[in-house]
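Asks: Here my numbering is used: the first residue of the sequence shown is 11, the next is one more, and so on.
Before anything else, here's the structure in question.
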Amino acid sequence: MTYLSKNINSFSDDGFIDFGPILDKNKCSKLLEQVHNTREWSQNLFRSQEACLSDPQVKKTNPGKGICNLAENYDLDFIEKHPVFTQHLERILGSNYRILLQKFVVGVPNDWVPDWLKAVIEPQLVSNLGPYIKKQFRDVTYFRGIDYHMDLIDHPGTVGDYVTVYVYLDDVNGNMSPLHLVEKSHIFGATKFPHVILNDKLDSIEYGEDQESVRKFRKKILTGKCGSVYLWSSMTLHGTKPHESNLPRISLRYTIQKDPHQANTLVDQLIEPVRNRKAPSLMRDDIDLNSKNHQQLKFNKTLKK
Ligand SMILES: O=C(O)CCC(=O)C(=O)O
Ligand SMILES: [Fe+2]
11 MTYLSKNINS FSDDGFIDFG PILDKNKCSK LLEQVHNTRE WSQNLFRSQE
61 ACLSDPQVKK TNPGKGICNL AENYDLDFIE KHPVFTQHLE RILGSNYRIL
111 LQKFVVGVPN DWVPDWLKAV IEPQLVSNLG PYIKKQFRDV TYFRGIDYHM
161 DLIDHPGTVG DYVTVYVYLD DVNGNMSPLH LVEKSHIFGA TKFPHVILND
211 KLDSIEYGED QESVRKFRKK ILTGKCGSVY LWSSMTLHGT KPHESNLPRI
261 SLRYTIQKDP HQANTLVDQL IEPVRNRKAP SLMRDDIDLN SKNHQQLKFN
311 KTLKK
């Protein structure tokens, strides 16, 4: 079997592809170094407790397309024009696929986080630190762990005919918040966050639409070298534990939509059995979206420290 057909089968069966370390390491390292040099990566990134309390900013604290987005400052052709990237995306999404967004995601070390904030984020299922970061540094997304979720959570009300591509710029070991990814977890279609998940083990997990439909799935922990590339469907469960290393993990993340003029692409086939189950307009049960500051509701984390 060729590399392409093996990967295509993997997408169609598992909703996931591990491409391996396919990118030019020197170019990845150079890009990473440039990103490292953009600021002092430390507690200095954070707003003060007083500022966060007096002016909580919970919306639009992440990079957008053309909006406060560091990734747009660099030539990323060595990734986006890499034949493995283009050939697979054309097969999966059709020839005129569209990059909706590319952004840097940073796994934040514990010692960058101010003490007062540690207690705030500890119980959260999604520790996206954007609201606590100074405005000028919100050109990347800062995470300290995010429980199992579907990336469809960011696009409620859509059918999910797009994929996420994730690029490691560091050598990512077990201490650097590697992604935990659940193969075949797209099969139930869109389900609500936090998901029904039991028995999270190193290589398996149990997941269902509800308690009755829970079954065992294979799980992969994506440790990988600089230049590694992964792709998953919008309905594939994945998450990270809080970062343990003192050094951050800086990765690139793409959201890529199918060609709207092409029918029956592989992503259409993948989601066909669950197409009638669009992402509920309210995909999250962990926050009270009616409260002004998006109050967090209590749920237990699956991905524990
Ligand atoms: O890098 C992380 O910690 C989480 C990444 C993730 O799930 C995402 O960007 O969708
Ligand atoms: Fe995600």
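Glycine included, C-beta positions come from ideal geometry on N, C-alpha and C.
All of these numbers come straight from a predicted model, not from anything done at the bench.
#1: Put residue 95 into one of helix, strand or coil per three-state DSSP.
#2: So what does DSSP say about residue 15, is it helix, strand or coil?
#3: For a test of the three-state rule: what should DSSP assign to residue 316, helix, strand or coil?
#4: Are the beta-carbon atoms of residue 235 and residue 157 separated by less than 8 Å?
#5: I want to know whether the segment 275 to 285 touches the segment 13 to 23 - three or more CB-CB distances under 8 Å.
#6: Between which two residues does the beta strand (DSSP E) holding residue 206 run?
#7: Return the first residue and the last residue of the alpha helix (DSSP H) that residue 126 is part of.
#8: What residue does the beta strand (DSSP E) around residue 147 start on, and which one ends it?
#9: In terms of residue numbering, what span does the alpha helix (DSSP H) encompassing residue 85 cover?
#10: So for residue 4, helix, strand or coil by DSSP?
#11: Any idea which residues DSSP pairs residue 231 with across the strands?
#12: Please identify the residue among 13, 122, 86, 137 whose C-alpha is closest to the C-alpha of residue 315.
#13: Taking the beta strand (DSSP E) that residue 157 falls in, what are its first and last residues?
#14: From which residue to which residue does the alpha helix (DSSP H) around residue 279 run?
#15: Taking 7 Å as the line, does the beta carbon of residue 181 fall inside it for any heavy atom of ligand 1?
#16: Cβ-heavy atom distance between residue 117 and ligand 1 below 7 Å?
#17: How about residue 168 and residue 264: are their beta carbons less than 8 Å apart?
#18: Could you check whether the Cβ of residue 118 sits closer than 8 Å to any Cβ belonging to chain D?
#19: Since residue 74 sits in a beta bridge, which residues does DSSP pair it with?
#20: Measure from the alpha carbon of residue 70 to the alpha carbon of each residue in 273, 42, 44, 141, then state which is nearest.
#21: Among the candidates 246, 152, 268, whose CA atom is the shortest distance from the CA of residue 261?
#22: Kindly list the residues whose CB is nearer than 7 Å to the CB of residue 255, restricted to its own chain and excluding five residues on each side of it in sequence; keep chain order.
#23: Assuming residue 203 contacts residue 217 (C-beta within less than 8 Å), just tell me the rounded distance between them.
#24: Under DSSP, the alpha helix (DSSP H) around residue 59 begins and ends at which residues?
#25: Tell me which same chain residues have a C-beta within less than 6 Å of the C-beta of residue 111, skipping the five on either side of it?
Replies: Result, derived from the coordinates:
#1: To locate residue 95, count along the sequence shown from 1; it is residue 85. Residue 95: helix per DSSP, three-state reduction.
#2: As a first step, residue 15 must be located in the sequence shown, where it is residue number 5. DSSP places residue 15 within a helical segment (H, G or I) once states are collapsed to three.
#3: The structure shown has nothing for residue 316, since the chain only spans 11 to 315.
#4: Indexing the sequence shown from 1 puts residue 235 at position 225. Indexing the sequence shown from 1 puts residue 157 at position 147. No; because the gap between Cβ atoms is not below 8 Å, this pair is not in contact.
#5: Yes, the segment 275 to 285 touches the segment 13 to 23.
#6: The residue you call residue 206 lines up with position 196 of the sequence shown. Where residue 206 is concerned, the enclosing beta strand (DSSP E) stretches over 206 to 208.
#7: Taking the sequence shown and counting its residues from 1, the one referred to as residue 126 is at position 116. Here the alpha helix (DSSP H) through residue 126 covers 125 to 131.
#8: What you label residue 147 is simply residue 137 of the sequence shown in a count that begins at 1. Counting along the chain, residue 147 falls outside any beta strand (DSSP E), and DSSP gives it neither H nor E.
#9: Here residue 85 is taken as the residue at index 75 of the sequence shown, counted from 1. In the DSSP assignment, residue 85 falls outside any alpha helix (DSSP H), carrying neither H nor E.
#10: The first residue shown for the chain is 11 and the last is 315, placing residue 4 beyond what the model contains.
#11: The count along the sequence shown starts at 1 and reaches residue 231 at position 221. Bridge pairing for residue 231: 190 [DSSP].
#12: What you label residue 315 is simply residue 305 of the sequence shown in a count that begins at 1. Check the Cα spacing between residue 315 and each of 13, 122, 86, 137: the tightest is with 137.
#13: As a first step, residue 157 is located in the sequence shown; it is residue number 147 there, counting from the start. Boundaries of the beta strand (DSSP E) around residue 157: 151 to 159.
#14: Counting from 1 along the sequence shown, the entry for residue 279 is found at position 269. Residue 279 -> alpha helix (DSSP H) spans 276 to 281.
#15: Along the sequence shown, one-based indexing puts residue 181 at 171. For ligand 1, not one heavy atom lies less than 7 Å from the Cβ of residue 181.
#16: Taking the first residue of the sequence shown as position 1, residue 117 is located at position 107. Within the cutoff, so yes.
#17: If you number the sequence shown from 1, residue 168 lands on position 158. If you number the sequence shown from 1, residue 264 lands on position 254. Not closer than 8 Å, so no.
#18: Of the chains in the structure shown, none is chain D; there is only one protein chain.
#19: The residue given as residue 74 occupies position 64 in the sequence shown. Beta-bridge pairing links residue 74 to 77.
#20: As a position in the sequence shown, residue 70 is number 60, starting the count at 1. For residue 70, the nearest C-alpha among the options comes from 141.
#21: Numbered from 1 along the sequence shown, position 251 holds the residue referred to as residue 261. The candidate whose alpha carbon is nearest that of residue 261 is 152.
#22: Mapped onto the sequence shown, residue 255 falls at position 245. Excluding residues within five positions, the ones whose Cβ falls inside 7 Å are 119, 185, 186.
#23: Numbered from its first residue, the sequence shown carries residue 203 at position 193. Numbered from its first residue, the sequence shown carries residue 217 at position 207. Separation of the CB atoms of residue 203 and residue 217 is rounded to 12 Å, and the pair is thereby denied contact status at 8 Å.
#24: Taking the sequence shown and counting its residues from 1, the one referred to as residue 59 is at position 49. Segment 59 to 64, the alpha helix (DSSP H) holding residue 59.
#25: Along the sequence shown, one-based indexing puts residue 111 at 101. Same-chain partners within the cutoff: 75, 265.
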